[in-house]
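If you read the sequence shown in this note's numbering, its first letter stands for residue 1, the second for the next number, and so on.
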Amino acid sequence: MILIKAGGSAITDKRTPFSIKREALCTLAEELSGSREEVVICHGGGSFGHPLALKYNMVGPIVTKDQMLGVSKINIAMRKLSNIVSEHLEREGCRPFALQSSAIMRADGGKITSFDHELVRDIARSGFIPIVYGDVVYDTKYSFSIVSGDQIMRKLAEYYTNSRAIFLTDVDGLYSSDPKKDREARLIKEMTFDQISSIDAGTTGDVTGGMKGKVDEILQFKGHISEIIVTSLERKGSLTLALKGGNPGTRITRAPSR
């Protein structure tokens, strides 16, 4: 099983609400259509989810009318984005099967407590590509809460131990510092889970933690995933190479490569 995380910054333009990166989605679809690997896709909210989460203050208990409206708006927006991803895959001959995260997950205090992961696995084994995504889900403590695509990926990794994971972003991999701020940032080709904590990922305004949050999430894959490839969806051929076991960006493993 290969777990693919299509980051919100990879498939949408976060500068413009509800905008997609059409070329990146076409690349995702084209390169998946040429693979026979058993995969699961998890995508982030990007320009569809994050602006609404900020606008409606989707943090902590959902108690105000505005927050309740935000729950519905985010739920609708994320279904739209998932449909767009599915349509791109279907046009290239893939067999996508989107699963509404809010229908197969529950949370408590913002953390996933219930997840029908067996359904995801069974759909993948049936020759389809299950698609799950960051979303608002029912929360026993907060009424509703946002679970990020990264949190969903971590849960999948816990269920499917020793799987490989591919993180598709808008940069070529993990760097010694934030490449969008530091011209001297150096791409790190190989590293272990123990070494990743040394990265200065910086912070952004994303509700789910930005790049710093992604580094923190990757650290939590230790002990579950055999390896993670972090690469850019904007560089054609990168996903194909990663699916075949190559390293088009940064490879993170349990132990140093020999």
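Note that beta-carbon positions come from the ideal geometry of N, C-alpha and C, so glycine has one too.
inquiry  = Are the CB atoms of I41 and A24 within a distance shorter than 8 Å?
reply    = Taking 8 Å as the Cβ cut-off, A24 and I41 do not qualify as a contacting pair.
message = I need the straight-line Cα distance from V120 to V137, nearest angstrom please.
response = For V120 and V137, the distance between alpha carbons rounds to 17 Å.
message = By alpha-carbon positions, which one of G110, E234, Y133 and R95 ends up nearest to A103?
response = Y133
ask   = CA-CA distance, R106 and D139?
value = 6 Å
query = Just to confirm, are N75 and A98 a CB contact at a threshold of 8 Å?
reply = No, the pair does not count as a contact, with Cβ atoms beyond the cut-off.
Selection from V85, L69 and S72 that minimises the alpha carbon distance to K21 = V85
task = Would you give the residue range spanned by the alpha helix (DSSP H) that Y276 belongs to?
result = There is simply no residue 276 to check, as the chain begins at 1 and stops at 258 in what is shown.
ask   = What's the C-alpha gap between R254 and D66?
value = 45 Å
key: Closest residue to F144 among S19, T64 and R235 (Cα-Cα distance)   = T64
Top-ranked residue by Cα proximity to P51, from L69, R79, L28 and F18 = Cα-wise, what sits closest to P51 is F18.
key: Proximity winner among S101, P61, R183 and G110, relative to R79 (alpha-carbon distances)   = S101
message = What does the alpha-carbon distance come out to for the pair E190 and R251?
response = 5 Å
request  = To the nearest angstrom, report how far apart D178 and I229 are at their CA atoms.
outcome  = Their backbone Cα atoms lie some 18 Å apart in a straight line.
task = Pull up the CB-CB distance for V26 and H88, whole angstroms please, since I reckon it's below 8 Å.
result = In the sequence as displayed, the identity of residue 26 is Cys instead of Val. The C-beta distance from C26 to H88 rounds to 6 Å, short enough to fall under 8 Å.
ask   = Taking the C-alpha atoms as reference points, what is the distance between T169 and G127?
value = Distance between T169 and G127, taken at the CA atoms: about 26 Å.
Own chain, CB closer than 6 Å to N162, minus 5 neighbours either side, in chain order = S226
request  = Check M105 in the structure and name its three-state DSSP category.
outcome  = strand
Own chain partners of D172 with C-beta closer than 7 Å, once the 5 adjacent residues on each side are dropped = So the list reads L187, T231, S232, R235 and G249, once near-sequence residues are dropped.
inquiry  = Can you look up K111 in the DSSP assignment and give me helix, strand or coil?
reply    = strand
message = Assuming contact is defined by CB atoms lying nearer than 8 Å, are V147 and I112 in contact in what I supplied?
response = yes
query = Do you know how far the Cα of Q220 is from the Cα of A157?
reply = Each residue's Cα considered, the two are about 10 Å apart.
query = Do you know how far the Cα of R36 is from the Cα of G210?
reply = Only weak support exists for where G210 lies, its pLDDT of 46 falling under 50; the coordinates are left without a value.
task = For the alpha helix (DSSP H) containing F48, list its first residue and its last residue.
result = G46 to K55
message = Which of the three DSSP states is assigned to V268 in this structure?
response = No answer is possible for residue 268: it lies beyond the span of the chain, which begins at 1 and ends at 258.
request  = Within the same chain, show all residues whose beta-carbon is closer than 7 Å to that of K222, passing over the 5 residues directly before and after it, in chain order.
outcome  = Apart from sequence neighbours up to five positions away, the residues of its chain that approach K222 with a beta-carbon distance below 7 Å are F193, ordered along the chain.
query = Helix, strand or coil: how does DSSP classify I84 here?
reply = helix
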